[in-house]
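If you count by this note's numbering, then the first sequence holds residues 1 to 261, one letter each, in order.
We put the CB at the ideal spot given by N, CA and C, even for glycine.
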Amino acid sequence: MFREVMEGKMGWGIIEEEGWRKGPWIAEEDKLLIQYVEEHGEGRWNSVARIAGLKRNGKSCRLRWVNYLRPDLKRGQITPQEESIIIELHALWGNRWSTIARSLPGRTDNEIKNYWRTHFKKKTKTPSDAAEKAKTRLLKRQQFQQLQQQQQLKQHQLQQQQLQFNLDMKNIMNMFEENVHMVPSTSEETQEILNNIYPNTTPYEEGYFYSMLNGNASAPTSSNEETLWDGLWNFDDVLYNFSAASVPSKASMHNLVAPFC
DNA sequence: AATACCGCCAACCGCTGCTGT
DNA sequence: GACAGCAGCGGTTGGCGGTAT
């Protein structure tokens with residue numbers, strides 16, 4: 001496995017194995033890849049080497065395009081809003097990074113995965129004794145409350161988003177009530193049914209809706225609550241209230257929707 | 001100033017699932 | 001149905017730069 005390391009590089013230098021280049025991409029390679037995609041579109045990655053004259057295998061080309069060269073990529077730090085979505089979706093979907101990424105336009109699964117690992121993974125190992133944990137949480141709550149004030153300006157926009165989501169969910173509930181026989185038992189069935197009656201549902205909404213119906217994804221257990229607070233120190237309160245409403249029943253779905261009826 | 005440590009990120013690898021033959 | 005090739009996914013690795021000691 002490390003033959004190439006010994007033969008051709010120290011660390012991530014450029015190496016060649018069976019004619020394929022590995023390691024960091026250079027500007028010239030990026031240019032060739034961009035040119036290829038502009039002319040031929042995405043896909044058929046194994047043809048890239050032959051057509052574009054790149055000494056990279058298909059996987060490497062695809063990864064470079066998806067994670068770095070795609071024009072719709074959003075650069076810069078993950079925003080608090082994005083972070084809150086990541087936490088919510090991770091609670092629902094686990095490590096299904098590509099699914100999570102689909103709800104965050106401009107962000108890649110790799111980016112989200114890296115973000116999660118560096119920001120949250122190790123927080124689960126933090127203070128073992130309860131007092132220390134409570135102290136940490138209290139501190140985070142205080143920080144959170146301070147940040148609330150700063151973020152009130154953003155509240156209006158988020159409330160609009162919440163309103164839209166609730167309207168969507170109301171729509172879905174109505175459709176389900178008209179089709180009572182279609183109660184799904186798996187996330188796949190939920191997705192299928194939602195796709196049939198409501199094609200624009202995001203993975204986030206699907207997961208949320210599935211948890212509502214089945215009560216198996218985001219019931220507010222203590223560990224989940226801890227996870228949430230670990231990440232919530234810079235949440236906006238609207239989204240937090242939103243997540244706190246994740247009681248797994250149809251009735252609560254109506255409660256969520258009722259104010260907007 | 002030197003060193004150790006840590007966070008971030010690009011890139012690779014192995015595996016799985018899909019699709020065409 | 002079996003097989004091969006390909007695309008996509010998640011886990012892991014390693015380099016770099018910033019910060020702490």
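- Burial check for S103: the Cβ neighbour count within 10 Å reaches 16 or more, so the residue is buried.
- Distance from the CA atom of P105 to the CA atom of K74, rounded to whole angstroms, is 8 Å.
- In the three-state reduction of the DSSP assignment, W25 falls in the coil class.
- Minimum Cα-Cα distance from T118 among the listed residues A101, A91 and I78 corresponds to I78.
- Taking a cut-off of 8 Å for Cβ pairs, the segment 49 to 63 and the segment 79 to 97 do not touch, as fewer than three such pairs fall below it.
- DSSP places T118 in the helix class (H, G or I) of the three-state scheme.
- Cβ contact annotation for C61 (same chain, cutoff 7 Å, sequence separation greater than five): L33, W45, V48 and L54, in chain order.
- One alpha carbon belongs to I85, the other to L63, and they sit about 24 Å apart.
- In the three-state reduction of the DSSP assignment, N95 falls in the coil class, being assigned neither a helical nor a strand state.
- DSSP, reduced to helix, strand and coil, places S60 within a helical segment of the structure shown.
- Put simply, the backbone Cα of W97 is about 12 Å away from that of E88.
- Going by C-alpha positions, E111 is about 11 Å away from I100.
- Between I51 and Y36 a beta carbon distance of about 6 Å is seen, short of the 8 Å cut, so the two are scored as contacting.
- For P71, the closest C-alpha among the options K31, K22, N95 and H90 is that of K31.
- With 16 or more other Cβ atoms inside 10 Å of its own Cβ, E29 counts as buried.
- A check of alpha carbon separations from G94 across K113, G76 and T108 identifies K113 as the nearest.
- In the structure shown, the three-state DSSP call for D72 is coil.
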